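Report on the structure given below.
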Amino acid sequence: MAYFFKRLLLFIPTIWLIAVIIFFLTKLSPGNPILNQLQEQELQNKQLQEEELHLVNKFGFNKALFYFTIHRKTIPDTIHRIWQEPAKSNLTHIAFECRNWSAVHNYYSTLKSELKQHPSSYNKFIQSTSIKDIENTYNSLNIDNKKIEKTINQLNNNQKNFIYNYIPTFSWQGFDNQFHLWLSGLLSGNFGYSYVDDREISTKISQSIQWTLLLSLLSILLAFIIAIPTALKAAKDIGGSFDRIMSSLFLGMYSLPTFWVGTLLIIYFANQEYLAWFPAYGVGEIHAESSFYDIIYTRISHLFLPLVCWTYGSFAYIFKQLRNSLKIESDKAYFIAAKAKGVSTNQLYIKHALRNALLPLITIVGNIFPAVISGSFIIETIFSIPGMGRLSLEAFFSRDYPLIFTILLLASFLSLLGNFIADILYQKADPRFNLSEK
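So the sequence shown is numbered by our numbering: it starts at 96 and just counts up by one.
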C-alpha cells in the first residue's frame with residue numbers, strides 16, 4: 096500500500112510536468128488562432144479591432160505565459176501585454192540596444208496614437224529592429240511629426256549602461272497567466288479550440304474516442320477469448336500436431352502487415368466482384384426511425400472487418416506469450432509435484448498454471464489505456480472509421496497544433512494511468528510480487 100501511495104504522489108507532479116512541457120510546445124508551434132479567425136471574417140477596421148480584442152481576451156494572449164518570468168532588466172514584467180508579432184520581438188530588440196524600456200514604450204505608444212489612421216506607415220515602423228532602422232524609416236516616409244521625432248531622439252539620448260542587458264530579473268506573475276488558464280480549462284474539460292474549424296477540441300475528441308474505445312475493448316476481449324483456450328490446448332501437448340499448427344498459423348498472422356490485411360479484407364469481403372458480405376467503409380448511418388435491431392445490424396456489419404483487422408495480431412501475440420508462459424510453469428516444482436499427486440491435466444493448467452502464466456499479459460491491459468487515445472490510424476484510415484487514430488493523422492497533416500498537443504497530453508496521462516493500474520493488477524494477481532523493491 097505504501098508503494099501505491101508513493102506512486103500516486105509521483106503521478107501528480109509527473110503529469111503536471113508533462114502538461115508544462117506540452118503547453119510550451121504549443122507556444123513554440125507556428126500558427127496564431129487569432130489571426131486565423133480574423134482572416135476568415137470580412138470585417139471593417141473598427142469591427143476588426145473589436146473582434147481582435149475579444150479573441151485576445153478569449154485566448155488569454157495578453158496574460159503572462161507562466162507563474163513567473165525571468166527576464167533582462169531592460170525588459171518589463173508586463174511585456175506580455177504586447178501580444179502582436181512582430182511588434183513584441185522587434186521592440187525587445189530595440190530595448191536591448193537602447194537599454195531603456197521607458198523610452199521604448201513611449202515610442203511605441205506614440206506610434207499607435209499618431210499613426211492610427213495610417214496603418215501602412217505604422218507597419219513600416221513596427222518592422223524596424225534597431226534605432227537606425229527607425230531613423231531610416233522616418234526619413235523615407237517624409238512625415239513631419241514632432242511627437243514621433245521626439246520619441247526617436249529619446250531612444251538615442253536616454254540610453255542606459257549596457258550592463259542592464261545582463262542583469263536577470265525574477266518577476267512573480269501570479270495565477271492570472273496563460274498556463275493556469277489553460278490548465279484550469281483542461282481540468283474542467285475545456286481543451287481549447289481547433290485551428291482548422293474553430294470547434295471545441297473536447298467535442299472533436301469525444302466524437303472520435305467512442306469508436307476507438309469500442310474497437311479497442313472488443314479487440315482485446317475477443318483476443319483473450321480466442322487465445323486463452325487455444326494456448327491452453329497447445330500447452331498441454333507441447334510439440335504436438337495442434338501446437339505446431341497453431342504456432343505456425345499465429346506466427347504467420349502476427350507477421351502480416353495491417354495495411355495489407357485490411358486491403359485484402361476490403362477486396363474479397365466488401366467488393367461486388369467477390370463476396371460483398373460487408374460494407375467497405377464507415378460506421379453506417381443511423382436514422383431516427385431505425386429500430387434497435389437495425390442499429391445493431393448496421394454497426395456490426397460496418398465494424399466487423401475493422402475489428403478482424405484490429406484483432407488478429409493481438410490474439411497471435413497473446414497466444415504466443417501465454418503458450419510460452421504455460422510451458423515455463425509446467426517445468427516448475429509445484430506443477431511437477433501436483434502432477435505426481437494425480438491432479439488432472441485440466442486442473443493443473445487451469446487452476447494452477449494459468450494464474451501465474453497470465454501475469455506477463457497484465458502489461459497488455461495497461462497498454463489498453465494509451466491505445467484508446469492513440470487508436471490505429473492505419474485501420475481507421477483504410478476503413479474510414481472516425482476514430483482517434485484518424486483524427487490524430489488529420490490534425491497532423493492540417494497542423495492543428497492545439498488538437499495534436501491535447502491528444503499527446505491525454506495519451507501521456509493514460510500511459511501513466513495504465514502503468515499504475517498494471518502494477519495494482521500485478522499485486523492482486525500475485526501477492527508475492529513485491530513492487531516496493533523495484
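Virtual Cβ for every residue (Gly too), placed ideally from N, Cα, C.
Computed from a predicted structure; not experimentally measured.
Compute every distance between the C-beta of F492 and the non-hydrogen atoms of the ligand GDP, then say whether any falls below 8 Å. For the ligand GDP, the structure offers nothing, since it holds no ligand at all.
What separation, rounded to the nearest whole angstrom, lies between the Cα atoms of S510 and S420? On the sequence shown, residue 510 is found 415 positions in, with the first residue counted as 1. On the sequence shown, residue 420 is found 325 positions in, with the first residue counted as 1. Spanning the two alpha carbons is a distance of roughly 25 Å.
Counted within 10 angstroms of its Cβ, other Cβ atoms place E145 as buried (16 or more) or exposed: By one-based count along the sequence shown, residue 145 stands at place 50. Flag for E145 reads exposed.
Is K427 buried or exposed, if buried means 16 or more other CB atoms sit within 10 Å of its CB? Here the question's residue 427 lines up with position 332 in the sequence shown. K427 is exposed by the Cβ-count criterion.
Going by C-alpha to C-alpha distance, which of W196, E209, K422 and L186 sits closest to I221? Walking along the sequence shown from the start, residue 221 turns up at place 126. Among W196, E209, K422 and L186, the Cα nearest to that of I221 belongs to L186.
What residue from S223, I189, S235 and I243 has the CA that sits closest to K211's CA? Position 116 of the sequence shown, counted from the start, is the residue given in the question as residue 211. That would be I243, whose Cα lies nearest to the Cα of K211.
Between the beta-carbon of K328 and the beta-carbon of M341, is there less than 9 Å? Numbered from 1 along the sequence shown, position 233 holds the residue referred to as residue 328. Numbered from 1 along the sequence shown, position 246 holds the residue referred to as residue 341. Less than 9 Å separates the beta-carbon of K328 from that of M341.
Sorted by chain position, which residues of the same chain lie with C-beta nearer than 7 Å to A433's C-beta, five sequence neighbours on each side aside? In the sequence shown, residue 433 corresponds to position 338, counting from 1. Counting only Cβ-Cβ distances below 7 Å, and skipping sequence neighbours, we find L443 and H447.
Can you give me the Cβ contacts of S266 inside the same chain, cut-off strictly under 6 Å, excluding the 5 residues immediately before and after it? What you label residue 266 is simply residue 171 of the sequence shown in a count that begins at 1. Contacts found: T164 and D172.
Verify the CB distance criterion: does G357 have a CB-CB separation below 9 Å to chain C? The chain labelled as chain C is not found in the depicted structure, where only one protein chain is given.
Using only CA atoms, which one of P263, F286, V151 and V199 lies nearest to K245? Counted from its first residue, the sequence shown places residue 245 at position 150. The candidate whose alpha carbon is nearest that of K245 is V199.
Separation of Y233 from N248, as counted between CA atoms: The residue labelled residue 248 in the question sits at position 153 within the sequence shown. The residue labelled residue 233 in the question sits at position 138 within the sequence shown. C-alpha separation (whole angstroms): 12 Å.
Determine, using beta-carbon pairs with one atom in the region 475–488 and one in the region 395–412, whether at least three such pairs fall under 8 Å. Contact between the region 475–488 and the region 395–412 is present, with at least three C-beta pairs closer than 8 Å.
Please give me, in chain order, every unbroken run of the alpha helix (DSSP H) with length at least 4 that falls completely inside the region 479–518. 483–492
State yes or no: is the C-beta of T501 within less than 9 Å of the C-beta of F286? One-based indexing of the sequence shown puts residue 501 at position 406. One-based indexing of the sequence shown puts residue 286 at position 191. Cβ distance < 9 Å, so T501 and F286 count as in contact.
Taking 9 Å as the cut-off, decide whether the C-beta atoms of M348 and G408 are in contact. Looking up residue 348 in the sequence shown gives position 253. Looking up residue 408 in the sequence shown gives position 313. For M348 and G408, yes; Cβs fall inside 9 Å.
Give the DSSP bridge partners of N272, in chain order. The sequence position of residue 272 within the sequence shown is 177, counting from 1. For N272, which the question treats as bridged, DSSP gives the partners A159.
Paired residues, beta bridge with W267 - DSSP: Counting from one through the sequence shown, the residue named residue 267 turns up at place 172. In DSSP, W267 forms a bridge with F163.
Quick check: the Cα distance between F319 and K422, rounded to an integer number of angstroms? Mapped onto the sequence shown, residue 319 falls at position 224. Mapped onto the sequence shown, residue 422 falls at position 327. Whole-angstrom Cα-Cα distance: 18 Å.
Excluding the 5 residues preceding and the 5 following T440 in the sequence, name in chain order all residues of the same chain whose CB lies nearer than 7 Å to its CB. Looking up residue 440 in the sequence shown gives position 345. Hits under 7 Å: K331.
Using the rule of at least 16 other Cβ atoms within 10 Å of the residue's Cβ for burial, across every protein chain shown, is F274 buried or exposed? Here residue 274 refers to the residue found at position 179 of the sequence shown. Classification of F274: buried, given that the 10 Å Cβ count is 16 or more.
Return the chain-ordered list of same chain residues with a C-beta closer than 8 Å to the C-beta of I110, the five sequence neighbours on each side being excluded. Sequence index remark: in the sequence shown, residue 110 carries index 15 (1-based). Closer than 8 Å at the Cβ level, and outside the excluded window around I110, lie S507, F508 and L511.
Since Y369 and Y376 should fall inside the 8 Å C-beta cutoff, what is the C-beta to C-beta distance between them, to a whole number of angstroms? As a working mapping, residue 369 is identified with position 274 in the sequence shown. As a working mapping, residue 376 is identified with position 281 in the sequence shown. 16 Å between Cβ atoms; not a contact.
Between the alpha carbons of S279 and A322, how many angstroms are there, rounded? For this step, residue 279 is matched to residue 184 along the sequence shown. For this step, residue 322 is matched to residue 227 along the sequence shown. In a straight line, the C-alpha of S279 is about 44 Å away from that of A322.
Residue range of the alpha helix (DSSP H) that includes I395: Position 300 of the sequence shown, counted from the start, is the residue given in the question as residue 395. Residues F387 to S425.
Which of the three DSSP states, helix, strand or coil, is assigned to E145? Here residue 145 corresponds to residue number 50 of the sequence shown, with the count starting at 1. Helix at E145.
For S208 and N253, the rounded distance between their alpha carbons: Position 158 of the sequence shown holds residue 253. Position 113 of the sequence shown holds residue 208. Their backbone Cα atoms lie some 22 Å apart in a straight line.
For L104 and F191, the rounded distance between their alpha carbons: Here residue 191 is taken as the residue at index 96 of the sequence shown, counted from 1. Here residue 104 is taken as the residue at index 9 of the sequence shown, counted from 1. Looking at the two C-alpha atoms, the distance is approximately 43 Å.
Counting only runs of 4+ residues fully inside the region 195–250, write out the alpha helix (DSSP H) ranges in chain order. For the region 195–250, whole alpha helix (DSSP H) runs of length 4 or above, ordered along the chain, are 196–209, 214–221 and 226–236.
Alpha-carbon spacing of S493 relative to T325, whole angstroms: Numbered from its first residue, the sequence shown carries residue 493 at position 398. Numbered from its first residue, the sequence shown carries residue 325 at position 230. Rounded to whole angstroms, S493 to T325 spans 44 Å at the Cα level.
Out of Q302, Q268 and A371, which one is the CA nearest neighbour of H175? Here the question's residue 175 lines up with position 80 in the sequence shown. Minimum Cα distance to H175 is reached at Q268.
Can you round the beta-carbon distance between L317 and T406 to whole angstroms, since I take them to be within the 8 Å contact cut? What you label residue 317 is simply residue 222 of the sequence shown in a count that begins at 1. What you label residue 406 is simply residue 311 of the sequence shown in a count that begins at 1. Going by Cβ atoms, the distance from L317 to T406 rounds to 5 Å, so yes, they are a contact pair.
Going by DSSP in three states, E180 sits in which element: helix, strand or coil? Locating residue 180 in the sequence shown gives position 85, where the first residue counts as 1. Residue state, collapsed to three classes: coil.
Could you give the residue range of the alpha helix (DSSP H) that holds S289? The residue you call residue 289 lines up with position 194 of the sequence shown. From DSSP, S289 is part of no alpha helix (DSSP H); its letter is neither H nor E.
Once you ignore the five residues that flank I226 on each side, which residues in its own chain have a CB closer than 8 Å to its CB? One-based indexing of the sequence shown puts residue 226 at position 131. Same-chain partners within the cutoff: I189, E192, C193, I247, L250 and N251.
Locate the alpha helix (DSSP H) running through N256, then write down its first and last residues. For the purposes of this step, residue 256 is identified with residue 161 of the sequence shown, where counting begins at 1. Neither: N256 is in no alpha helix (DSSP H) and is coded neither H nor E.
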